[in-house]
Amino acid sequence: MAADVRILIADDHPIFRKGLREVIETEPHFEVIAEAADGAAALESILSLKPDIAIVDIHMPRMSGFGLARELLSRKLDVKIIFLTMYDDEETFDEALDLGVWGYVLKESAINDITVSIKNVLSGRHYISPLISSFLVERRARATSLAKTKPSLNDLTPTERKVLKLIAEDKTSRQIAQELFVSYRTIENHRANICNKLELHGSHSLVKFAIQHKSLLS
Numbered sequence: 000m001a002a003d004v005r006i007l008i009a010d011d012h013p014i015f016r017k018g019l020r021e022v023i024e025t026e027p028h029f030e031v032i033a034e035a036a037d038g039a040a041a042l043e044s045i046l047s048l049k050p051d052i053a054i055v056d057i058h059m060p061r062m063s064g065f066g067l068a069r070e071l072l073s074r075k076l077d078v079k080i081i082f083l084t085m086y087d088d089e090e091t092f093d094e095a096l097d098l099g100v101w102g103y104v105l106k107e108s109a110i111n112d113i114t115v116s117i118k119n120v121l122s123g124r125h126y127i128s129p130l131i132s133s134f135l136v137e138r139r140a141r142a143t144s145l146a147k148t149k150p151s152l153n154d155l156t157p158t159e160r161k162v163l164k165l166i167a168e169d170k171t172s173r174q175i176a177q178e179l180f181v182s183y184r185t186i187e188n189h190r191a192n193i194c195n196k197l198e199l200h201g202s203h204s205l206v207k208f209a210i211q212h213k214s215l216l217s
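The opening residue of the sequence shown carries number 0 in numbering that gives the first Met the number 0; numbering runs sequentially from there.
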């Protein structure tokens, strides 16, 4: 590896940050360029220092890891996120994957997993702590099950799936139109087509469906 990999650690526990930093920097060419104790400080450091990888605790003061990830996505910053979490619940896992993060590491196994996760991410591969790999299997099983039902998400075009994903994020037709650089009428037509294909009826049925299947729209 010719150049150092520049890494930021964001976690509100200084002792944990210190231990993680020591493990990371045992690897040649891995350099921790900054630490942050909350999400807002992490965002400021990422904007100014532009690290290659941000290792981010999901639950932080001032701005959560999820909030930070959304902000980085909206700014289209070229930094790969590895989430840290104490919680091995499937809902949190699904939300993290929906945000497009590259790694998902449990804190209880972080000392063993963190350098492996960084190496995987640098190679363009996603990494999930082995302790929660079953969540990924279950997520895929749900997607397969949904695909077999008719009508299903597979009946939608890529653009319709993108619109449905944005609906699940509680965005209005005008907001979606602005994000996709199309007209308001175009989005309304997409919404009508989605409802027809999925046989959804009623003013709130589309939003309800989008939210229920949000984890499958990434």
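Cβ coordinates follow ideal geometry from the N, Cα and C atoms, glycine included. Here the structure is a predicted model, which is why all the values come from computation and not from measurement.
Per the DSSP calculation, residue i is bridged to which residue(s)?
i: residue 102; result: 81, 126
i: residue 5; result: 30
i: residue 68; result: Note: residue 68 sits in no beta bridge, so no partner.
i: residue 35; result: 9
Under the assumption that residue i contacts residue j (Cβ atoms under 8 Å), give the Cβ distance between them as a whole number of angstroms.
i: residue 159; j: residue 193; result: 5 Å
i: residue 11; j: residue 56; result: 7 Å
i: residue 163; j: residue 155; result: 7 Å
i: residue 19; j: residue 32; result: Not confirmed; about 14 Å, so no contact.
i: residue 6; j: residue 23; result: 6 Å
i: residue 4; j: residue 76; result: Not quite, the Cβ-Cβ distance comes to about 16 Å (not below 8 Å), so this is no contact.
i: residue 106; j: residue 91; result: Between residue 91 and residue 106 the Cβ distance is about 13 Å, and since that is not below 8 Å, they are no contact.
i: residue 26; j: residue 114; result: 5 Å
Within the continuous alpha helix (DSSP H) that includes residue i, where are the two ends?
i: residue 189; result: 183 to 197
i: residue 180; result: Unbroken run through residue 180: none, as it is neither H nor E.
i: residue 160; result: 157 to 167
i: residue 114; result: 109 to 121
i: residue 205; result: 204 to 211
Is residue i close to chain B, meaning its C-beta is less than 9 Å from at least one C-beta of that chain?
i: residue 104; result: The chain inventory of the structure shown lacks chain B, comprising one protein chain alone.
* Asked: Per the contact definition of three or more C-beta pairs closer than 8 Å, is the region 170 to 188 in contact with the region 204 to 212?
  -> no
* Three-pair Cβ contact test at 8 Å for the region 30 to 47 versus the region 60 to 70 -> yes
* **Segments of 4+ residues assigned as alpha helix (DSSP H) that fall wholly inside the region 37 to 61** => 38 to 48
* Asked: Is there contact between the region 77 to 84 and the region 98 to 105, where contact requires at least three CB pairs shorter than 8 Å?
  -> yes
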